[in-house]
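Engineer: Provided herewith is a single structure, encoded as structure tokens, for subsequent inquiry.
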Amino acid sequence: MEKFFGLEENGTNVRTEIIAGITTFLAMAYILAVNPLILHDAGMPVSGVFFATAISSGVISILMGVLANYPVALSSGMGVNALFTYTVVAKMGLSWKGALACVLVSGIIFILITVTNVRKMIINAIPAQLKLAIGAGIGFFVAFVGLKNAGVIVTNASTLVSLGDFKTPTVVLALLGIIITLILVIKNVPAAVFVGLVITVVIGVIMNAVGLQGTKTQALPAFTGVASFRWDTSLVGACFSGMGELFSHPQCWLAIFSLLFVDFFDTAGTLVAVAGKTNLMDENGELKNVERALLSDSIGTCFGAIMGTSTVTSFVESASGVGVGGRTGLTAVVTGICFLLASVLSPLLSLVTYSVTAPALVVVGIMMAQQLKGIDWDNMIVAAATFVTVIVMILGYSISNGIAAGFIVYAAGMIAGGKAKEISPIVWVLVVLFIFYFVVAPK
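Going by our numbering, the first residue of the sequence shown is number 346, and it counts up by one from there.
As structure tokens, this is what we get:
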């Protein structure tokens with residue numbers, strides 16, 4: 346493993362990578378419960394989707410680790426699964442089989458533009474300052490996700506969002522976990538984020554035992570009894586029977602474009618963010634070995650569609666593993682193994698509530714937000730693009746939308762500053778594509 350993953354040269358070891366892999370899995374584990382529920386609204390069987398999600402997450406995370414040596418795990422993406430169910434199926438009118446066919450085609454297109462190095466060119470064309478903005482923005486995004494899921498931030502009819510009820514046990518547990526994890530990080534405790542997660546689990550168990558009921562009210566749904574699921578493989582290959590809709594449904598190609606767009610830029614943002622916290626970015630600001638990481642992600646999309654789930658993509662929660670020291674593909678391999686063992690581990694996963702994972706996401710978000718120190722705030726063009734990237738990513742609840750808005754503002758600022766000639770042709774193409782997406786993409 347030392348030679349294969351290059352542990353020593355990346356400043357890590359087997360123990361650290363295992364802890365990082367488990368941490369990433371625990372931060373991502375909610376997808377095994379949430380994804381089947383979302384795709385069930387499209388008419389798909391819960392047990393089949395659970396199987397497809399677990400297997401595709403495990404296999405492709407291992408592929409990412411072995412092929413690309415990136416500490417990035419993959420699973421059915423949040424956001425894109427909602428696009429699959431509530432837009433492609435519910436609004437556009439495709440069947441779920443037709444929607445899976447769209448996912449498969451988007452994955453095939455991904456592979457084509459990856460092997461021709463188009464994806465690599467696009468990612469490397471992102472200006473260095475915007476890469477820092479994307480990484481920091483994703484930090485704020487994952488922290489917001491953690492706080493929202495734990496009930497620390499809630500919806501509000503008057504102000505859109507507001508603070509939750511701090512008397513609620515789940516909120517108390519999340520806040521205690523955040524404080525404890527921060528203290529551990531400040532004191533430079535090894536694997537502080539993972540240790541904080543474990544301590545938060547223990548406190549949650551104790552709180553429930555001493556009568557502070559409610560710590561499980563926001564537990565990840567549907568884990569109870571998962572181990573007893575009868576594996577339903579009816580979804581495997583169902584995408585092929587939906588291929589006819591690609592030629593008969595008038596909006597199928599818009600669906601493919603939307604799935605492609607969101608996956609592409611979510612992946613780009615995630616890889617840039619993770620690379621910014623490791624040594625995966627060279628002195629020119631380009632990602633090392635990125636073509637293999639992109640190929641793994643592309644294959645994941647195809648494999649997930651064939652297994653019977655929505656787009657499998659790189660997960661931003663991988664940053665939690667990087668936060669505890671994960672630096673190589675061994676982290677992703679460990680996460681993948683955990684996904685494959687998920688049905689056996691399901692009784693333990695009932696302890697992994699949103700309140701437990703929130704501290705890890707918030708603290709890792711703080712670490713990622715430190716990339717803002719590299720922004721040239723005296724340059725108004727950069728400052729404006731950075732600000733818009735971050736705020737749209739959070740308030741628009743979308744990594745891809747944040748990236749798109751940041752690019753558009755960057756281009757507008759460069760034009761206003763008389764620097765239009767300094768913008769690369771690839772960036773111009775992307776700006777036009779982003780504007781087109783905002784205009785025509787289904788809402």
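Using N, Cα and C, we set each Cβ at its ideal position, and we do this for glycine too.
When you compare only the Cα positions, how much space is there between residue 543 and residue 649?
Structural biologist: By one-based count along the sequence shown, residue 543 stands at place 198. By one-based count along the sequence shown, residue 649 stands at place 304. Looking at the two C-alpha atoms, the distance is approximately 31 angstroms.
Engineer: DSSP on residue 665, reduced to helix/strand/coil?
Structural biologist: For this step, residue 665 is matched to residue 320 along the sequence shown. Of the three classes helix, strand and coil, the one that applies to residue 665 here is helix, per DSSP.
Engineer: Which residues in the same chain have their Cβ closer than 7 angstroms to the Cβ of residue 722, if we skip the five residues on either side of it in sequence?
Structural biologist: Reading the sequence shown from its first residue, position 377 is the one you call residue 722. Correct list, in chain order: 728.
Engineer: Would you kindly report the start and end of the unbroken alpha helix (DSSP H) that includes residue 655?
Structural biologist: For the purposes of this step, residue 655 is taken as residue 310 along the sequence shown, with counting starting at 1. Unbroken run through residue 655: none, as it is neither H nor E.
Engineer: With H, G and I counted as helix, E and B as strand and the rest as coil, what does DSSP make of residue 687?
Structural biologist: Within the sequence shown, residue 687 is the residue found at index 342, counting from 1. Residue state, collapsed to three classes: helix.
Engineer: Note down, one range per segment and in chain order, each beta strand (DSSP E) of at least 3 residues found wholly within the region 369-423.
Structural biologist: Counting whole runs of 3 or more residues, the region 369-423 contains the beta strand (DSSP E) stretches 419-421.
Engineer: Which residues mark the beginning and the end of the alpha helix (DSSP H) in which residue 615 is found?
Structural biologist: Taking the sequence shown and counting its residues from 1, the one referred to as residue 615 is at position 270. First-last of the alpha helix (DSSP H) with residue 615: 597-621.
Engineer: Give a single yes or no on whether residue 376 has its beta carbon closer than 8 angstroms to a heavy atom of the ligand COA.
Structural biologist: In the structure on display, the ligand COA does not appear, and there are no ligands present to speak of.
Engineer: Just to confirm the assignment: which complete alpha helix (DSSP H) runs, minimum length 4, are found wholly within the region 470-530?
Structural biologist: Segments of the alpha helix (DSSP H) lying fully in the region 470-530: 473-494.
Engineer: Based on DSSP bridge pairs, tell me the residues matched to residue 790.
Structural biologist: Since the first residue of the chain shown is 346 and the last is 788, residue 790 is not available in this structure.
Engineer: With three or more C-beta pairs closer than 8 angstroms as the rule, is the region 614-632 touching the region 654-672?
Structural biologist: With the cut-off at 8 angstroms, the region 654-672 and the region 614-632 touch.
Engineer: Cα separation between residue 376 and residue 532?
Structural biologist: Along the sequence shown, read from residue 1 onward, the residue named residue 376 stands at position 31. Along the sequence shown, read from residue 1 onward, the residue named residue 532 stands at position 187. In a straight line, the C-alpha of residue 376 is about 32 angstroms away from that of residue 532.
Engineer: Out of curiosity, what's the CA-to-CA distance linking residue 352 and residue 411?
Structural biologist: Your numbering for residue 352 matches position 7 in the sequence shown. Your numbering for residue 411 matches position 66 in the sequence shown. Going by the C-alpha atoms only, they are around 13 angstroms apart.
Engineer: Starting from residue 443, trace the alpha helix (DSSP H) both ways and give me its first and last residue.
Structural biologist: As a first step, residue 443 is located in the sequence shown; it is residue number 98 there, counting from the start. Where residue 443 is concerned, the enclosing alpha helix (DSSP H) stretches over 441-460.
Engineer: Take the Cβ of residue 628 as the centre, count every other Cβ of all protein chains shown within 10 Å, and call the residue buried at 16 or more, exposed below.
Structural biologist: Within the sequence shown, numbered from 1, the residue matching residue 628 stands at position 283. When all chains shown are included, residue 628 counts as exposed.
Engineer: Since residue 626 sits in a beta bridge, which residues does DSSP pair it with?
Structural biologist: One-based indexing of the sequence shown puts residue 626 at position 281. Per DSSP, 632.
Engineer: Residue 541 and residue 526 look like a contact to me (Cβ under 8 angstroms); what is the Cβ gap, rounded to whole Å?
Structural biologist: For this step, residue 541 is matched to residue 196 along the sequence shown. For this step, residue 526 is matched to residue 181 along the sequence shown. Confirmed, Cβ separation roughly 3 angstroms.
Engineer: Got a sec? Which residues, its chain only, sit under 7 angstroms from residue 441 by beta carbon, not counting five neighbours each side?
Structural biologist: Locating residue 441 in the sequence shown gives position 96, counting from the first residue. Cβ within range, chain order: 387, 388, 389 and 434.
Engineer: Which first and last residues belong to the alpha helix (DSSP H) in which residue 734 is found?
Structural biologist: Against the sequence shown, residue 734 aligns to sequence position 389. Unbroken alpha helix (DSSP H) run through residue 734: 725-740.
Engineer: Quick one: what's got a C-beta closer than 8 angstroms to residue 612's C-beta in the same chain, skipping five residues either side?
Structural biologist: As a first step, residue 612 must be located in the sequence shown, where it is residue number 267. Contacts found: 639, 642, 658 and 659.
Engineer: Ignore the nearest five residues each way along the sequence and tell me which others in residue 589's own chain have a CB closer than 7 angstroms to its CB.
Structural biologist: Counting from one through the sequence shown, the residue named residue 589 turns up at place 244. Result list for residue 589: empty, nothing under 7 angstroms.
Engineer: Using the C-alpha atoms, what's the distance from residue 481 back to residue 361?
Structural biologist: The sequence position of residue 361 within the sequence shown is 16, counting from 1. The sequence position of residue 481 within the sequence shown is 136, counting from 1. If you take the alpha carbons of residue 361 and residue 481, they lie about 24 angstroms apart.
Engineer: Below 8 angstroms on the Cβ atoms is my contact criterion, and I expect residue 730 with residue 783 to pass it. Report the Cβ-Cβ distance as a whole number of Å.
Structural biologist: Against the sequence shown, residue 730 aligns to sequence position 385. Against the sequence shown, residue 783 aligns to sequence position 438. Actually they are not in contact, since the Cβ atoms of residue 730 and residue 783 sit about 16 angstroms apart, beyond 8 angstroms.
Engineer: Quick one: what's got a C-beta closer than 7 angstroms to residue 383's C-beta in the same chain, skipping five residues either side?
Structural biologist: By one-based count along the sequence shown, residue 383 stands at place 38. So the list reads 426, 427 and 430, once near-sequence residues are dropped.
Engineer: Any idea what DSSP makes of residue 362, helix, strand or coil?
Structural biologist: Stepping through the sequence shown from its first residue, residue 362 is reached at position 17. Correct three-state label for residue 362: helix.
Engineer: Note the first and the last residue of the continuous alpha helix (DSSP H) segment covering residue 751.
Structural biologist: Taking the first residue of the sequence shown as 1, we reach residue 751 at position 406. Note, residue 751: alpha helix (DSSP H), 744-761.
Engineer: Going by beta-carbon coordinates alone, are residue 475 and residue 654 separated by less than 9 angstroms?
Structural biologist: To locate residue 475, count along the sequence shown from 1; it is residue 130. To locate residue 654, count along the sequence shown from 1; it is residue 309. Not in contact: residue 475 and residue 654 (Cβ atoms no closer than 9 angstroms).
Engineer: Taking C-alpha atoms, which residue in 773, 780, 393 and 595 lies nearest to residue 582?
Structural biologist: On the sequence shown, residue 582 is found 237 positions in, with the first residue counted as 1. With distances taken between Cα atoms, residue 582 lies closest to 393.
Engineer: State the start and end residues of the unbroken alpha helix (DSSP H) segment that holds residue 349.
Structural biologist: By one-based count along the sequence shown, residue 349 stands at place 4. Counting along the chain, the alpha helix (DSSP H) containing residue 349 begins and ends at 347-350.
Engineer: In the structure shown, what three-state DSSP assignment does residue 585 receive?
Structural biologist: Looking up residue 585 in the sequence shown gives position 240. Residue 585: helix per DSSP, three-state reduction.
Engineer: Looking at residue 719 and residue 405, is the spacing between their C-beta atoms short of 9 angstroms?
Structural biologist: Along the sequence shown, read from residue 1 onward, the residue named residue 405 stands at position 60. Along the sequence shown, read from residue 1 onward, the residue named residue 719 stands at position 374. No.
Engineer: Which class does residue 766 belong to by DSSP, given the choice of helix, strand or coil?
Structural biologist: Here residue 766 refers to the residue found at position 421 of the sequence shown. Of the three classes helix, strand and coil, the one that applies to residue 766 here is helix, per DSSP.
Engineer: Considering residue 590, what are the terminal residues of the alpha helix (DSSP H) in which it resides?
Structural biologist: Locating residue 590 in the sequence shown gives position 245, where the first residue counts as 1. Run containing residue 590: 590-593, per the alpha helix (DSSP H) assignment.
Engineer: Considering only their Cβ atoms, is the gap separating residue 704 from residue 538 smaller than 9 angstroms?
Structural biologist: Here residue 538 refers to the residue found at position 193 when the sequence shown is read from its first residue. Here residue 704 refers to the residue found at position 359 when the sequence shown is read from its first residue. Cβ distance < 9 angstroms, so residue 538 and residue 704 count as in contact.
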